[in-house]
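K.L.:
Quick one: the structure is below, questions incoming.
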Amino acid sequence: MADVSLHEERQSHSYLIEVLLGGLSSWDGEHYLLIAEQGYKHETNLAFFPLYPILIRAISYTLLSPLLFMGVQMHSVMLIAGVTLTLIAFPMATYQLHKLTDLIYPHRPLLSHITVLLFIINPANIFMSAVYTECLFALFSFACIRYLIAGKTSRACLYLALSCSTRSNGSILCIFIAMYYLEGIVTDFKLTTFIRKSLSCISQLLLGLSPIICYQVYTAHKLDYNYTGILPYSYIQQKHWGIGLMNYYEVKQLPNFMLALPVTTLSILAVWQEVMDVYRTEPGGWSQ
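In my numbering, the protein residues as written are 238 to 525.
Written out as structure tokens, the structure reads:
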């Protein structure tokens with residue numbers, strides 16, 4: 238009878254956790270939890286990069302290991318780990334965004350506070366509480382650009398690699414690193430400078446992209462090299478998720494576009510303002 242009671246108590250603990258936090262693991266969250274618990278057992282899971290599940294598993298077996306000894310089910314423990322990781326990463330990402338804005342606009346401290354406030358109250362921030370990679374990806378992306386602007390390219394490269402270990406979108410950060418070195422080459426164009434900065438740029442981009450390259454090799458191996466197209470990751474995205482060039486732009490995605498509209502609008506206005514500020518200071522601008 239004691240064993241039965243203990244089993245029921247453990248089941249009730251797991252049930253309570255699932256009731257309280259289960260809604261935060263919907264959609265992609267279930268895939269991340271499954272990968273963290275079982276590894277890449279299913280082909281569909283190969284669409285999700287490994288760093289986030291690795292961290293969930295690490296937290297589960299270290300910080301949350303007492304729950305495992307108490308008999309709480311593994312899935313529930315990893316659910317807590319995923320939510321915990323998200324809730325830690327979000328304020329860290331907010332901090333990096335604040336420091337980044339301060340770095341870009343050192344004489345406009347109020348702008349940093351407004352930027353952070355808009356980041357926090359963004360309607361899409363429901364995903365910043367779920368078992369999703371958004372918080373972690375934002376943290377690494379903001380940190381990468383921050384250290385790049387500060388001229389600390391090695392740290393920027395590290396965060397590029399972490400970003401690429403989290404999501405495929407991390408590869409977009411390569412544009413910022415390439416532009417940073419290109420600006421340095423154009424500003425002080427000498428053969429020695431060109432060679433040195435070009436080699437530094439190429440080496441750091443390769444190091445930053447190495448997680449994506451390694452994951453492509455791993456994905457190809459899991460598929461037994463039986464896939465079509467250039468990249469196995471693109472093959473998985475197309476086959477199981479219907480993701481391809483312009484495939485996302487459908488009428489049924491209209492609610493998601495509306496959800497992203499505030500941030501999209503602010504981004505367009507910010508870019509437009511920056512272009513206008515540059516134009517006004519250039520010879521031939523209308524301020525002349």
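All C-beta atoms in this analysis are idealised placements derived from N, C-alpha and C, irrespective of residue type, glycine included.
1. Assign Met416 to buried or exposed, taking buried as 16 or more other Cβ atoms, counted over all protein chains shown, within 10 Å of its Cβ.
2. Measure the Cβ-Cβ separation of Ser297 and Met311 and say whether it is below 9 Å.
3. So, helix, strand or coil for Pro492, using DSSP?
4. Just verifying my parser: in three-state terms, what is the DSSP assignment at His335?
5. Who are the Cβ neighbours of Pro469 in its own chain at under 7 Å, not counting the five residues just before and after it?
6. May I ask you to report which of helix, strand or coil DSSP gives Ala232?
7. Measure the CB-CB distance between Ile293 and Ala330 and report whether it falls below 9 Å.
8. What's the gap between the Cα of Ala387 and the Cα of Ile341?
9. Short check: CB of Asn282 to CB of Ile272, under 9 Å?
10. Compare the C-alpha of Leu253 against each of Leu348, Tyr269, Val314 and name the closest.
11. Please report how far the alpha carbon of Ser524 lies from the alpha carbon of Tyr396, in whole angstroms.
12. Could one say the Cβ of Ala284 lies closer than 9 Å to chain B's Cβ atoms, at least one of them?
13. Within 8 Å, do at least three Cβ pairs link the segment 347 to 359 to the segment 400 to 413?
14. Is Ser435 buried or exposed, if buried means 16 or more other CB atoms sit within 10 Å of its CB?
15. Excluding sequence positions up to five away, which residues of its chain have a Cβ less than 7 Å from the Cβ of Asp514?
16. Check whether the Cβ atoms of Ile382 and Ala393 lie closer than 9 Å to each other.
17. When we look at the beta-carbon of Thr299 and count the other beta-carbons within 10 Å, is it buried (16 or more) or exposed?
18. Compute the Euclidean distance between the alpha carbons of Leu345 and Asp339, then round it to the nearest angstrom.
19. DSSP state of Val508, grouped into three classes?
20. In terms of residue numbering, what span does the alpha helix (DSSP H) encompassing Ser391 cover?
P.N.:
This is what the structure gives:
1. Numbered from 1 along the sequence shown, position 179 holds the residue referred to as residue 416. Counting Cβ neighbours within 10 Å, Met416 comes out exposed, since fewer than 16 surround it.
2. Indexing the sequence shown from 1 puts residue 297 at position 60. Indexing the sequence shown from 1 puts residue 311 at position 74. Contact: yes.
3. Taking the sequence shown and counting its residues from 1, one reaches residue 492 at position 255. In this structure, Pro492 counts as helix in the three-state DSSP scheme.
4. For the purposes of this step, residue 335 is taken as residue 98 along the sequence shown, with counting starting at 1. Residue state, collapsed to three classes: helix.
5. Counted from its first residue, the sequence shown places residue 469 at position 232. Same-chain partners within the cutoff: Gln453, Thr456, Ala457, Leu460.
6. There is simply no residue 232 to check, as the chain begins at 238 and stops at 525 in what is shown.
7. Your numbering for residue 293 matches position 56 in the sequence shown. Your numbering for residue 330 matches position 93 in the sequence shown. Cβ distance not < 9 Å, so Ile293 and Ala330 don't count as in contact.
8. In the sequence shown, residue 387 corresponds to position 150, counting from 1. In the sequence shown, residue 341 corresponds to position 104, counting from 1. Spanning the two alpha carbons is a distance of roughly 9 Å.
9. Here residue 282 is taken as the residue at index 45 of the sequence shown, counted from 1. Here residue 272 is taken as the residue at index 35 of the sequence shown, counted from 1. Yes, these two residues count as a Cβ contact at 9 Å.
10. Locating residue 253 in the sequence shown gives position 16, counting from the first residue. For the residues Leu348, Tyr269, Val314, the minimum Cα distance to Leu253 belongs to Val314.
11. As a working note, residue 524 is residue 287 in the sequence shown. As a working note, residue 396 is residue 159 in the sequence shown. Because Ser524 carries a pLDDT of 43, less than 50, the predicted location of this residue cannot be relied on, and no value is offered for it.
12. Looking for chain B here will not work: only one protein chain is present.
13. no
14. Along the sequence shown, read from residue 1 onward, the residue named residue 435 stands at position 198. Burial call: exposed.
15. Position 277 of the sequence shown holds residue 514. Once the five neighbours on either side are set aside, Asp514 has no close Cβ partner at all.
16. Within the sequence shown, the letter at position 145 stands for residue 382. Within the sequence shown, the letter at position 156 stands for residue 393. Contact: yes.
17. Along the sequence shown, read from residue 1 onward, the residue named residue 299 stands at position 62. The residue in question, Thr299, is exposed, as its Cβ has fewer than 16 Cβ neighbours within 10 Å.
18. By 1-based counting over the sequence shown, the position of residue 345 is 108. By 1-based counting over the sequence shown, the position of residue 339 is 102. Here residue 345 is Arg; the residue named in the question, Leu, does not match the sequence. The alpha-carbon atoms of Arg345 and Asp339 are separated by roughly 7 Å.
19. Position 271 of the sequence shown, counted from the first residue, corresponds to residue 508. Reduced to three states, the DSSP call for Val508 is helix.
20. Counted from its first residue, the sequence shown places residue 391 at position 154. Looking at the DSSP string, the run of the alpha helix (DSSP H) that includes Ser391 is 390 to 403.
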